[in-house]
Structures are given as C-alpha cells and as structure tokens.
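Asker: Right, I'll just put the structure down here and ask away after.
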Amino acid sequence: MRKRFSFEEDSILAMLKALEPKEALSPQRSLQCIIKLAVKFPTLIMEEDLDDLQDEWKNLLHFKESLKNMSDSATSFWLELRAVKDGNNSQKFKLLPDFMCSLLALPHSSACVERIFSQLN
C-alpha cells in the first residue's frame, strides 16, 4: 500500500489525520494543513471562506480545555463541536465542523475510486 499511495506530508492521506480529535487539538499540528486540505476539496468549502476556516482551526486550541470531555470518536467530536458557543451564545465554530464532517462522509468506494485502483494495477 505504501508503494502505491503517497503518505508524504503534503498528501491528502497524510493531511486527513487532522480529522482525529487528538491531532486537531495538538499544539504541534500544522496551522496551514486545514487550508491545504480545503484547497484539495473545492466543492466542500468556498474560496472566500478559507480565511474564516483557518481562523476557526487556530481558535480550536484556545478551547482545548473545554473540549477535553468531548468524544474521542472523530464523527462525534466534530458533531459536538457544532454546539460550542462563544460569550454571545453564538455558534463559535461554523465552518470547521461542517467541513470536517463532509470529509468524514466522503465515499471510500465509488466508480471513480475503482478506476484509480484499476489503473494502479
């Protein structure tokens, strides 16, 4: 599998580790990875929202303490993040949870994927 797919730092597979809650809340995570990932999936987020998405990604670390009781499951974590409110009782993270949930919902098997596997063989 390592021979067929790129696991280098800039590969989509490597960037998808940001979906894991522990990685998303890690101070060592790349602040640019969310933008690099979003650019790979232009149908999931509009270009004019990229700055706001990156701001939410940065702000995620400021909420680390209040998020530590949230689920370790990636799906549950990002769904629960939608409910986090700021001091004005407004949704704190509007773009990030939806973007991450969309990434989690990407089909892992389709005709397009099957064609790629056929080409690799």
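Numbers given in the working numbering equal positions in the sequence shown, counted from 1, plus 6.
Backbone N, C-alpha and C fix where the C-beta goes; we use that ideal spot for every residue, glycine too.
1. Taking the alpha helix (DSSP H) that Pro27 belongs to, which residues open and close that run?
2. On the CB-based measure, 16 or more other CB atoms within 10 Å of its CB, does Lys98 come out buried or exposed?
3. Within the stretch 53-84, note down every full alpha helix (DSSP H) run reaching 4 residues or more, in order along the chain.
4. For a test of the three-state rule: what should DSSP assign to Gln125, helix, strand or coil?
5. With DSSP as the reference, identify every bridge partner of Lys91, one or two as the case may be.
6. I need the DSSP call for Glu103, collapsed to helix, strand or coil.
Answerer: According to the data block:
1. Taking the sequence shown and counting its residues from 1, the one referred to as residue 27 is at position 21. Here the alpha helix (DSSP H) through Pro27 covers 27-30.
2. What you label residue 98 is simply residue 92 of the sequence shown in a count that begins at 1. Answer is buried; the Cβ neighbour count reaches 16.
3. 56-65, 70-73
4. Your numbering for residue 125 matches position 119 in the sequence shown. Gln125 falls in the helix class under three-state DSSP.
5. One-based indexing of the sequence shown puts residue 91 at position 85. In the DSSP output, where bridge partners are listed per residue, Lys91 has Gln97.
6. Stepping through the sequence shown from its first residue, residue 103 is reached at position 97. The sequence shown places Pro at residue 103, rather than the Glu named in the question. Helix at Pro103.
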